[in-house]
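Chains as they are written, first to last, in my numbering: chain A, 583 to 717; chain B, 64 to 165. In what follows, a single structure is set out as structure tokens and then discussed.
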Amino acid sequence: MSEVKKFLYVNRKAPYGTIYAQEALEVVLIGAAFDQDVSLAFLDDGVFQLTKGQDTKDAGLKNFSPTFRALGDYEVTKLYVEQESLDERGLTLDDLQDIQYEDEDDDYEEKPSIIVVSRAGMADVMADQDVVLSF
Amino acid sequence: MSTLHTVNKSPFQNQTLISCLGHAKAGDSVLLMEDGVYGAMSGNAMSEVVAGMGANVKLFVLGSDVTARGIDAGRVAEGITSVNYEEFVGMAASCDRVQNWL
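Spelled out as structure tokens, the structure:
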């Protein structure tokens with residue numbers, strides 16, 4: 583059995599202007615197969631990835647935002663969101679999707695995946711990782 | 064425990080360098096490379112911001128990316144250490160993790 587490492591996927595870009603956000607999500611889903619300790623970080627424009635009500639039909643783009651709600655099924659249950667990045671963009675937690683996971687250690691109770699942290703808290707999360715992958 | 068942060072975007076293009084310096088811990092190293100080297104110059108609109116926010120980290124710049132852009136070595140701000148590729152590799156190998164700010 584190989585050692586479990588802490589992986590952090592850092593999301594700093596808005597969802598549709600570049601391919602970064604969608605690619606990050608693809609990598610997270612692939613990486614989930616390797617049974618590592620995975621967290622996602624959303625800061626700067628990356629917080630825009632999590633807004634609810636995204637409708638890309640008329641823009642002719644693939645709306646990948648519902649995928650965030652499926653991450654719990656892949657045991658990706660820690661989505662750190664930076665408070666200052668929300669504040670700067672006039673967003674609150676209410677503007678984001680309600681993303682939950684079923685805690686198998688707690689009678690499959692549904693719990694929120696989004697963890698709002700301060701900028702200093704985000705720095706702590708980053709410094710606590712074995713591997714940081716940026717998108 | 065320390066992190067090597069790399070920044071490859073000009074601070075005049077976007078907030079990447081600011082965000083990096085806002086998250087780096089005291090004692091971390093920040094390496095400015097590619098267009099990131101413009102953030103290492105003295106006497107421009109970003110110089111004081113970089114010096115202030117970078118006061119608790121070690122600032123480095125990739126020398127070959129400085130010379131490639133025709134920036135005189137004398138324009139690199141005081142306190143920013145120029146490194147070559149070999150030293151860059153050594154820094155990456157000796158830190159606990161590398162975080163690339165894209």
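Note that beta-carbon positions come from the ideal geometry of N, C-alpha and C, so glycine has one too. Note that the coordinates shown come from a computational prediction; the quantities given were computed from them, not determined experimentally.
Only residues of its own chain outside the window of five on either side were considered, and among them Ala603, Asp627, Gly628, Phe630 and Gln631 have a CB closer than 8 Å to the CB of alanine 596/A, listed in chain order. Its chain contains Val620, Tyr656, Glu657 and Val658 as the residues whose beta carbon lies nearer than 7 Å to that of alanine 614/A, once the 5 sequence neighbours on both sides are disregarded; these appear in chain order. DSSP places tyrosine 690/A outside any beta strand (DSSP E), giving it a letter other than H or E.
The residues Leu661, Val663 and Ile681, in chain order, have a CB closer than 6 Å to that of isoleucine 696/A in the same chain once the five nearest residues on each side in sequence are set aside. The alpha-carbon separation between glutamate 97/B and glycine 153/B amounts to approximately 18 Å. Think of a sphere of 7 Å around the beta carbon of glycine 85/B: the chain A residues whose beta carbon falls inside it are Arg701, in chain order. By the neighbour-count criterion, in which 16 or more other beta carbons inside 10 Å mark a residue as buried, serine 647/A falls on the buried side. With 16 or more other Cβ atoms inside 10 Å of its own Cβ, arginine 594/A counts as buried. One alpha carbon belongs to alanine 709/A, the other to alanine 108/B, and they sit about 30 Å apart.
With a beta-carbon spacing of about 16 Å, leucine 165/B and serine 667/A fall beyond the 8 Å limit used to define contacts. For phenylalanine 717/A, DSSP records no beta bridge to any residue. Threonine 674/A sits in coil when the DSSP states are folded into three classes, being neither helix nor strand. Residue burial annotation: aspartate 128/B is buried, with at least 16 other C-beta atoms found within 10 angstroms of its C-beta. Valine 609/A sits in a helix when the DSSP states are folded into three classes. Taking the beta carbon of glutamine 711/A as reference, the chain B residues within 7 Å of it are Arg160, listed in sequence order. The beta carbon of leucine 625/A is closer than 7 Å to those of Arg594, Glu664, Ser667 and Met704 in its chain, skipping five residues each way along the sequence.
Within chain B, Gln78 and Ser82 have C-beta atoms less than 7 Å from the C-beta of aspartate 626/A, given in sequence order. Following the DSSP letters along the chain, one finds aspartate 685/A inside the beta strand (DSSP E) bounded by residues 682-685. According to the DSSP assignment, arginine 701/A belongs to the alpha helix (DSSP H) that extends over 701-709. For methionine 64/B, the three-state secondary structure derived from DSSP is coil.
Residue-level contact by beta carbon fails for alanine 606/A and chain B, as no gap is shorter than 7 Å.
Glutamine 162/B counts as buried, since at least 16 other C-beta atoms from the protein chains shown sit within 10 angstroms of its C-beta.
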